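Protein chains: 2
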Amino acid sequence: MSEPRWLDEREARAWRGFALMRMHLDRQLEQQMLRDADLSAADYALLVPLSEADPHVMRARDLGRLTGWDRSRLSHQVRRMEQRGLLERRRCDTDARGTDIALTDKGWSAVSAAAPGHVATVRSLFVDLLEPAELDTLAAISERVLSRLRSGCAEADAAADATCEAADAESASDGCEAGGGDC
Amino acid sequence: MSEPRWLDEREARAWRGFALMRMHLDRQLEQQMLRDADLSAADYALLVPLSEADPHVMRARDLGRLTGWDRSRLSHQVRRMEQRGLLERRRCDTDARGTDIALTDKGWSAVSAAAPGHVATVRSLFVDLLEPAELDTLAAISERVLSRLRSGCAEADAAADATCEAADAESASDGCEAGGGDC
DNA sequence: AGCAGTTCGATGATGTATCAACAAACTAGC
DNA sequence: GCTAGTTTGTTGATACATCATCGAACTGCT
Numbered sequence: 043m044s045e046p047r048w049l050d051e052r053e054a055r056a057w058r059g060f061a062l063m064r065m066h067l068d069r070q071l072e073q074q075m076l077r078d079a080d081l082s083a084a085d086y087a088l089l090v091p092l093s094e095a096d097p098h099v100m101r102a103r104d105l106g107r108l109t110g111w112d113r114s115r116l117s118h119q120v121r122r123m124e125q126r127g128l129l130e131r132r133r134c135d136t137d138a139r140g141t142d143i144a145l146t147d148k149g150w151s152a153v154s155a156a157a158p159g160h161v162a163t164v165r166s167l168f169v170d171l172l173e174p175a176e177l178d179t180l181a182a183i184s185e186r187v188l189s190r191l192r193s194g195c196a197e198a199d200a201a202a203d204a205t206c207e208a209a210d211a212e213s214a215s216d217g218c219e220a221g222g223g224d225c
Numbered sequence: 043m044s045e046p047r048w049l050d051e052r053e054a055r056a057w058r059g060f061a062l063m064r065m066h067l068d069r070q071l072e073q074q075m076l077r078d079a080d081l082s083a084a085d086y087a088l089l090v091p092l093s094e095a096d097p098h099v100m101r102a103r104d105l106g107r108l109t110g111w112d113r114s115r116l117s118h119q120v121r122r123m124e125q126r127g128l129l130e131r132r133r134c135d136t137d138a139r140g141t142d143i144a145l146t147d148k149g150w151s152a153v154s155a156a157a158p159g160h161v162a163t164v165r166s167l168f169v170d171l172l173e174p175a176e177l178d179t180l181a182a183i184s185e186r187v188l189s190r191l192r193s194g195c196a197e198a199d200a201a202a203d204a205t206c207e208a209a210d211a212e213s214a215s216d217g218c219e220a221g222g223g224d225c
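Here's what the structure looks like:
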């Protein structure tokens, strides 16, 4: 471990490509949503789970766990969205510390209007470009990496690793057959 | 195109997994760098190309093109990094509008110190978890998606697509066999 | 009941990303 | 050389992410 093992050509091609793709894809998706539905990716990430919940209400805690966000981020985001009328905060009956986050009609309209365009964009920029086998490979990779991220810590390879952190998220932040109405 | 084509199970698995992986991977990489080298991913993204340039100086314009950043973002980031002593701005001789961005000794030390840990982390959290065939698949996917992002516009599938934007980036922002010294 | 430890959410500070507007300097066509 | 249009970089406003801190409320133990 004197000299770190740099990436070889094949590895560098995959890693650089992946990093670049990630960056541009994020940007495009964000732009599309902002342009067509006046929602940021963060807005959408909260609206989708809320729109999928039964009475369109969730505890802030649960919403945080579901998206993998910390309390602070969630609180700030909710405050901004509340100011825009997309959702509202209510006292939680069962736990006086808690806050229920409820989707408003305006929020429902917004997510319903945004979802088809979002899926269409995801398809045209990504999903539809992949063969079924590639989709499966990607899913397998993602799951392997995620399980490494969750449990894999502390083994600290070479230099200054020891990557240990929270990593207690549960589910997706970017659901797709979401706000449309069914789901 | 009445009802948008939602993602089927296979597609959703791949897309959700990909999105989740992306998010957590970003977070971990950012944390690791911040913890071990006191550099943000954005810092690193600028330091790497500078450290690879011959006299460790680049026009802001070129740095912007290379990373795919817009002028504003670059300017803000450079100002902050200059305040920390990681780089410095100089007048550009050949074009009075231009600004040369020069790596300082401190910047060089920082990127040299950060690179091995970064590569080690990239390996342990990602690259080393993939089979060679998977690396190639991923690279192929990335290149296909990127070329779609660059040229592919305006065909506007179903609803509110028409995703057209700048997308004139050129190369990577996250080079790996970078600051170490060789490259 | 009373206390320790924990969970929950809000807040202010700081760093970062994006947008619109701007000014200075280059370039091409006249 | 002058002007119109473009390129280049900066700035301020706004939105967003992260961190440290706080107070209120719940939990479990005694």
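Protein chains in written order, with my numbering: chain A, 43 to 225; chain B, 43 to 225. Ideal placement from N, C-alpha and C gives every residue a C-beta, glycine not left out. A quick note: this is a predicted structure, and the numbers were derived from the prediction, not measured.
Item to check | Burial state of B:His78, where buried means 16 or more other Cβ atoms lie within 10 Å | outcome: Here the sequence assigns Asp to residue 78 of chain B, which means His is not the residue at that position. B:Asp78 comes out buried.
Item to check | Amino acids of chain B, ordered along the chain, whose beta-carbon sits closer than 9 Å to that of A:His118 | outcome: Ordered by position in chain B, no residue passes the 9 Å Cβ test against A:His118, which lies about 17 Å from the chain.
Item to check | Proximity of B:Leu81 and B:Ala144 at Cβ, strictly below 8 Å | outcome: no
Checklist entry - Looking at the unbroken alpha helix (DSSP H) that takes in B:Thr141, where does it start and where does it end? => result From DSSP, B:Thr141 is part of no alpha helix (DSSP H) but of the beta strand (DSSP E) over 141 to 145.
Next on the checklist: Please classify B:Arg165 as buried or exposed, where buried requires at least 16 neighbouring CB atoms within 10 angstroms.
Outcome noted: buried
Checklist entry - Going by beta carbon distance, what residues of the same chain come within less than 8 Å of A:Leu71, once the five residues before and after it are set aside? => result Here the set comprises Ala83, His160, Thr163, Val164, Leu167.
Checklist entry - In the DSSP assignment, what residue or residues form a beta bridge with A:Leu129? => result A:Leu145
Next on the checklist: Quick check: what's the CA-CA separation for B:Ala61 versus A:Ala61?
Outcome noted: 13 Å
Item to check | Coil, strand or helix - B:Arg101 by DSSP | outcome: strand
Item to check | Any C-beta of chain B under 8 Å from that of A:Ser184 | outcome: yes
Checklist entry - What number of angstroms, rounded off, separates the C-alpha of A:Lys148 from the C-alpha of A:Met123? => result 11 Å
Item to check | Contact with chain B by A:Leu49, beta-carbon distance below 8 Å | outcome: yes
Checklist entry - What in chain B is Cβ-close to A:Ala181, meaning under 7 Å? => result Residues of chain B passing the Cβ test: Arg55, Ala56, Gly59.
Checklist entry - Of the choices B:Arg47, B:Leu49, B:Gly59, whose alpha-carbon is the least far from that of A:Glu185? => result B:Gly59
Checklist entry - Any Cβ of chain B within less than 8 Å of the Cβ of A:Arg52? => result yes
Item to check | Residues near A:Leu105 by beta carbon distance below 7 Å, same chain, minus five either side | outcome: Leu88, Pro91, Leu116, Ile143
Item to check | Three-state class that DSSP yields for A:Leu5 in the structure shown | outcome: Past the edges of chain A, shown from 43 to 225, lies residue 5 of chain A, and the structure says nothing about it.
Item to check | Proximal residues to A:Arg228 (C-beta, below 7 Å), its chain only, five neighbours per side dropped | outcome: There is simply no residue 228 of chain A to check, as chain A begins at 43 and stops at 225 in what is shown.
Item to check | A:Ala183 to B:Leu76 span [Cα, whole Å] | outcome: Inspection of the sequence shows that residue 183 of chain A is occupied by Ile rather than by Ala. Straight-line measurement puts the Cα of B:Leu76 at about 26 Å from the Cα of A:Ile183.
Checklist entry - Quick one: what does DSSP say B:Leu280 is sitting in, helix, strand or coil? => result Outside the shown range of chain B, which is 43 to 225, sits residue 280 of chain B, and nothing can be said about it.
Checklist entry - Leaving out five residues before and five after B:Glu130 in sequence, what residues of the same chain have Cβ atoms less than 7 Å from its Cβ? => result Glu124, Ala144, Thr146
Checklist entry - What is the DSSP secondary structure of B:Leu49, reduced to helix, strand or coil? => result coil
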